[in-house]
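Chains as they are written, first to last, in the working numbering: chain L, 123 to 270; chain E, 75 to 149.
The beta carbon of each residue, even a glycine, is placed where N, CA and C say it ideally should be.
So the structure is just underneath, and the comments pick up after that.
Here is the structure:
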């Protein structure tokens, strides 16, 4: 078994304490996809990929998460600068003006068997191959506050 | 200095894929085989579960007064 760890959604927010009005937060993200779908031959090779990053699910997840975290911080009376991908992306004035850093990091672990593509010379064609991928997807992570 | 670290409860989802390709070079799937792949569905389900959990955690644990108090004491 190999364990692929992809770190996604790591972003930093600079926060200041400040008085603000409260706003309502929606905690729902609804991404839809066919469940246990039969894939037709019309579809392209990207169907073989496991992570489906090219379909943009992760991008939507990360962007939505970033904006919602910002909404939460504003609702909790913080003023926010960012998000930044790393500490080095912040300029000095931003660092000096900020009181705290909020770091959000989510890890996506996918356990899968190594022999994902095996030759299949049986029923259909001599050059045919078979892809069997059975495994476990795990999402794990943390949210961390750091004082500057 | 780390003030608080909120761990997100891990989520699991089983993924199953059984695909039969007709040609190794083209990568086309064999239409006569019942090609099943729930990787997409499993992945989307798991991030749909993770999303509200993370935001709820953040909402419940972010306390500006507490952070300000700790920050003042540290400085």
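Counting only residues of its own chain and dropping the five nearest sequence neighbours on each side, residue 82 of chain E has a CB closer than 8 Å to the CB of 124, 127, 128, 131. At a cut-off of 7 Å, the C-beta of residue 143 of chain E has no neighbouring C-beta in chain L.
By the C-beta density criterion, residue 253 of chain L is buried, having at least 16 other C-beta atoms within 10 angstroms. Our two residues, residue 205 of chain L and residue 211 of chain L, have alpha carbons roughly 10 Å apart in a direct line. According to DSSP, residue 129 of chain E shares a beta bridge with no other residue. Proximity of residue 190 of chain L to chain E, defined by a Cβ-Cβ separation below 7 Å, is satisfied. When the alpha-carbon of residue 111 of chain E is set against those of E:91, E:79, E:119, the nearest one is in E:91. If you draw a straight line from the Cα of residue 220 of chain L to the Cα of residue 88 of chain E, it comes to about 42 Å. Interface annotation, residue 146 of chain E: not in contact with chain L, CB-CB separation never under 7 Å. Distance from the Cα of residue 109 of chain E is smallest, within the candidate group E:93, E:84, E:138, for E:93. Beyond the five residues adjoining it in sequence on each side, residue 113 of chain E comes within less than 6 Å, by CB distance, of 89, 91 in the same chain, given in chain order. With respect to chain E, the C-beta atom of residue 206 of chain L has no partner C-beta closer than 7 Å. Among the CB atoms of chain E, none fall inside 7 Å of the CB of residue 203 of chain L. Exclusion of the five residues before and after residue 116 of chain E leaves 87, 89 as the residues of its chain whose Cβ lies within less than 6 Å of its Cβ. Proximity of residue 199 of chain L to chain E, defined by a Cβ-Cβ separation below 7 Å, is satisfied. Taking the Cβ atoms as the reference, residue 84 of chain E lies roughly 6 Å from residue 261 of chain L, within the contact range of under 8 Å.
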